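Undergrad: Sequential numbering of the sequence shown, starting at 1, is according to the working numbering.
C-beta: ideal position from N, C-alpha, C; glycine also.
All figures in this text were calculated on a predicted structure; none of them were measured in a lab.
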Amino acid sequence: MSKNAELSARNKQFTLASWQKQGAWNPVTVDHADGVYFWDAEGKRYIDWSSQLVNVNIGHNNQHVIKAIQEQAAKLTYAMPSLATEPRARLGEMLAEVTPAGLNKSFFTLGGADAIENAMKMARLYTGRQKVLSRYRAYHGGT
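(1) Taking all protein chains shown into account, do 16 or more other C-beta atoms lie within 10 angstroms of the C-beta of Ser134, making it buried, or fewer, making it exposed?
(2) Use the C-beta contact count for Asp114: other C-beta atoms within 10 angstroms, 16 or more gives buried, fewer gives exposed.
(3) Counting only the same chain and skipping the five closest in sequence on each side, list residues whose C-beta sits under 6 Å from that of Val30.
(4) Identify, in the order they occur along the chain, each residue of the same chain with its Cβ nearer than 7 Å to the Cβ of Gln130, setting aside the five sequence neighbours on each side.
(5) Who are the Cβ neighbours of Asn4 in its own chain at under 7 Å, not counting the five residues just before and after it?
(6) Among all the DSSP beta bridges, which residues are the ones paired with Trp49?
(7) Looking at the secondary structure, which residues open and close the beta strand (DSSP E) in which Asp34 lies?
(8) Below 7 Å CB to CB, which residues in the same chain sit around Lys12 once its five sequence neighbours on both sides are set aside?
(9) Flag this pair as yes or no: are the beta carbons of Ala33 and His60 separated by less than 8 Å?
(10) According to DSSP, which residues form a beta bridge with His60?
(11) Buried or exposed, going by whether 16 or more other CB atoms sit within 10 Å of the CB of Ile116?
(12) So what's Gln20 in DSSP terms, helix, strand or just coil?
(13) Quick check: the Cα distance between Asp48 and Ala138, rounded to an integer number of angstroms?
(14) Apart from the five residues on each side of it in sequence, which residues of its chain come closer than 8 Å, Cβ to Cβ, to Tyr46?
In structure tokens form, the structure reads like this:
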């Protein structure tokens with residue numbers, strides 16, 4: 001069995017993939033990445049057109065990002081959302097500088113579904129309305 005087939009089989013045996021029909025899932029393997037490329041378990045190079053769902057759009061292994069992650073992890077790896085931190089305040093300030101006037105507060109979440117759910121809660125509180133319109137099988141907001 002090839003390295004790709006073995007890694008794919010192990011993933012299919014022990015994990016579930018999102019947005020996939022599980023029986024038809026035939027994943028490309030990923031071993032490592034650099035810049036705009038990633039390599040499978042057998043060394044074949046691919047261009048990463050998806051930016052891994054848009055969260056590495058400045059490239060894999062960006063040394064500035066790695067350095068910032070290492071420095072922050074050495075100082076504080078995590079603080080729950082109810083605590084105040086310098087990075088949180090700094091990012092909020094930076095976002096307030098580039099958003100339209102009056103939009104000077106940010107609400108940070110860990111993912112799209114979490115962001116949509118909290119936006120719905122805020123909209124309901126602000127408007128007093130309870131009904132929500134969502135698109136059938138929408139990427140976010142259908143839960």
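TA: Based on what the coordinates show:
(1) In the sequence shown, the residue the question calls residue 134 occupies position 134. The residue in question, Ser134, is exposed, as its Cβ has fewer than 16 Cβ neighbours within 10 Å.
(2) On the sequence shown, position 114 is the one that residue 114 refers to. It is exposed - the Cβ of Asp114 has fewer than 16 other Cβ atoms within 10 Å.
(3) Start at 1 with the first residue of the sequence shown, and residue 30 comes out as number 30. The answer, listed in chain order, is Phe38.
(4) Residue mapping note: residue 130 aligns to position 130 of the sequence shown, counting from 1. The residues are Arg124.
(5) Numbered from 1 along the sequence shown, position 4 holds the residue referred to as residue 4. Answer for Asn4: Thr29, Asp40, Ala41 and Glu42, listed in chain order.
(6) The residue labelled residue 49 in the question sits at position 49 within the sequence shown. Answer is none; Trp49 lacks a bridge partner.
(7) Along the sequence shown, one-based indexing puts residue 34 at 34. Asp34 -> beta strand (DSSP E) spans His32 to Asp34.
(8) As a working mapping, residue 12 is identified with position 12 in the sequence shown. Only Trp25 meet the Cβ criterion.
(9) Position 33 of the sequence shown, counted from the first residue, corresponds to residue 33. Position 60 of the sequence shown, counted from the first residue, corresponds to residue 60. Yes, the Cβ-Cβ distance between Ala33 and His60 is below 8 Å.
(10) Numbered from 1 along the sequence shown, position 60 holds the residue referred to as residue 60. Under the DSSP definition of a beta bridge, His60 partners with Gly35.
(11) Sequence index remark: in the sequence shown, residue 116 carries index 116 (1-based). Result: buried.
(12) Within the sequence shown, residue 20 is the residue found at index 20, counting from 1. The answer is coil: DSSP assigns Gln20 none of H, G, I, E or B.
(13) Position 48 of the sequence shown, counted from the first residue, corresponds to residue 48. Position 138 of the sequence shown, counted from the first residue, corresponds to residue 138. For Asp48 and Ala138, the distance between alpha carbons rounds to 24 Å.
(14) Sequence index remark: in the sequence shown, residue 46 carries index 46 (1-based). The residues are Val28, Tyr37, Phe38, Trp39 and Asp40.
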